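Basically my numbering = 1-based index in the sequence shown + 393. Let me begin by presenting the structure, written as structure tokens, before commenting on it.
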Amino acid sequence: MQESHSGTFSVPSSSQKPLIEAKGLGHAYDYPLFENIDIAIRPGESIAILGISGSGKSTLLHILSTLLKPDSGKVIYQGQDMYALPDKKLLEIRRKDIGIIFQSHYLFKGFTTQENLEISSLISEKKIDPDLLKKLKIEDTMHKNIALLSGGQQQRVSIARVLVKKPSLIFADEPTGNLDRETAYEVIDVMLDYIHKINGGLFIVTHDEKIAARCTTVYRLKERRLIPVIL
Ligand SMILES: Nc1ncnc2c1ncn2[C@@H]1O[C@H](COP(=O)(O)OP(=O)(O)O)[C@@H](O)[C@H]1O
Ligand SMILES: [Mg+2]
394 MQESHSGTFS
404 VPSSSQKPLI
414 EAKGLGHAYD
424 YPLFENIDIA
434 IRPGESIAIL
444 GISGSGKSTL
454 LHILSTLLKP
464 DSGKVIYQGQ
474 DMYALPDKKL
484 LEIRRKDIGI
494 IFQSHYLFKG
504 FTTQENLEIS
514 SLISEKKIDP
524 DLLKKLKIED
534 TMHKNIALLS
544 GGQQQRVSIA
554 RVLVKKPSLI
564 FADEPTGNLD
574 RETAYEVIDV
584 MLDYIHKING
594 GLFIVTHDEK
604 IAARCTTVYR
614 LKERRLIPVI
624 L
């Protein structure tokens with residue numbers, strides 16, 4: 394059990410059916426990044442991945458989040474081998490079920506916060522939850538141009554944009570890299586609250602052990618393997 398900002402979260406039991414599961418993952422570029430990795434994300438679970446730069450964390454995140462077919466192994470989503478699905482189906486999963494947050498946000502710069510969130514709302518056919526705006530402290534930026542917001546505000550908008558579509562799985566690649574620590578915690582807590590509320594899953598790559606410690610499960614990607622870490 395781990396103590397958190399909003400109560401006690403239990404580590405999801407391994408008897409629960411995973412939201413997504415990968416078996417025997419391997420991938421190489423100039424050198425092998427990892428081999429034979431098994432990982433599952435269960436309902437309510439938040440997994441943090443630590444590891445030095447170049448160890449393959451982002452590559453693993455891309456593989457699990459529909460963006461990259463692994464050299465070997467399978468990603469199983471809703472009982473199906475994700476990368477054996479037709480492109481159209483994979484795109485639909487990416488659009489509807491999966492939220493991906495990067496360190497540098499890809500917001501539409503000439504537009505306001507509201508317009509950026511509306512695009513996501515339109516694509517996903519989901520309403521913008523006013524509570525989400527409050528939690529991320531961006532209500533007052535709704536009519537401001539993205540380019541005029543601080544880096545921290547922009548990152549919070551990019552997280553709101555992902556949460557607006559109500560994904561069941563969130564993949565975040567060093568999402569707090571540009572934020573000060575306090576804002577970083579607030580942002581992480583919004584994501585954790587969200588996945589606990591909907592019984593979804595979070596997979597987050599971070600350098601910050603304190604942030605990792607807020608998650609239910611922590612691994613270090615090291616020497617081509619995922620090693621469980623107790624923080
Ligand atoms: N698309 C790519 N083409 C060639 N090499 C890549 C590509 N993506 C990543 N790499 C290389 O793979 C290694 C691991 O990258 P990455 O997964 O981004 O690691 P991390 O996120 O842990 O820093 C790095 O050496 C990187 O240069
Ligand atoms: Mg990376």
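Glycine included, C-beta positions come from ideal geometry on N, C-alpha and C. Given the structure is predicted, the values throughout are model-derived calculations rather than measurements.
Chain-order list of residues whose beta-carbon lies under 8 Å from that of residue i (same chain, five-residue window excluded)
| i | result |
| --- | --- |
| Ile604 | Ala441, Thr569, Ala577, Tyr578, Ile581, Ile597 |
| Ser517 | Arg488, Lys489, Val557, Lys558, Lys559 |
Cβ neighbour criterion (16 or more within 10 Å) applied to residue i
| i | result |
| --- | --- |
| Tyr499 | exposed |
| Met394 | The pLDDT assigned to Met394 is 41, lower than 50, so where the model puts this residue is not dependable, and the model offers no usable value. |
| Ser446 | exposed |
| Ala565 | buried |
| His589 | buried |
| Ser399 | Here the model assigns Ser399 a pLDDT of 46, short of 50, so the residue's position is not dependable and the matter cannot be decided. |
| Lys527 | exposed |
When the options are compared against residue i, the one with the closest alpha-carbon
| i | options | result |
| --- | --- | --- |
| Leu454 | Tyr612, Leu624, Thr506 | Tyr612 |
| Arg342 | Gln409, Ile432, Lys410 | Lying outside 394 to 624, the shown extent of the chain, residue 342 is not represented and no answer is given. |
| Ala540 | Leu562, Phe501, Lys530 | Phe501 |
| Ile697 | Lys416, Gln547, Leu443 | Nothing can be reported for residue 697, as the shown portion of the chain is limited to 394 through 624. |
| Ser448 | Asp464, Asp423, Ser439 | Asp423 |
| Leu562 | Asp480, Asn592, His536, Ser497 | Asn592 |
| Ser551 | Tyr587, Thr599, Thr506 | Thr506 |
| Ser384 | Pro621, Leu614, Ile620 | Within the shown structure, residues of the chain are numbered from 394 to 624, placing residue 384 beyond reach of any answer. |
| Lys416 | Arg549, Gly444, Asp474 | Asp474 |
Segment limits, beta strand (DSSP E) that includes residue i
| i | result |
| --- | --- |
| Arg488 | From DSSP, Arg488 is part of no beta strand (DSSP E) but of the alpha helix (DSSP H) over 480–489. |
| Pro621 | 618–621 |
| Thr459 | Taken as a continuous stretch (DSSP letters only), Thr459 belongs to no beta strand (DSSP E), as it is neither H nor E. |
| Ile432 | 425–434 |
Terminal residues of the alpha helix (DSSP H) in which residue i lies
| i | result |
| --- | --- |
| Arg607 | Note, Arg607: premise wrong, no alpha helix (DSSP H); not H, not E. |
| Tyr587 | 574–591 |
Beta-carbon contacts of residue i that lie in its chain and below 7 Å, excluding the five residues immediately before and after
| i | result |
| --- | --- |
| Ile521 | Leu510, Ser514, Val557 |
Other residues of its chain near residue i: CB distance less than 6 Å, five sequence neighbours each side excluded
| i | result |
| --- | --- |
| Ile469 | Glu414 |
Collect the residues with a C-beta less than 6 Å away from any heavy atom of ligand 1 and give them in sequence order along the chain. Those residues having their beta-carbon less than 6 Å away from any non-hydrogen atom of ligand 1 are, in chain order, Tyr422, Leu426, Gly444, Ser446, Gly447, Ser448, Gly449, Lys450, Ser451, Thr452.
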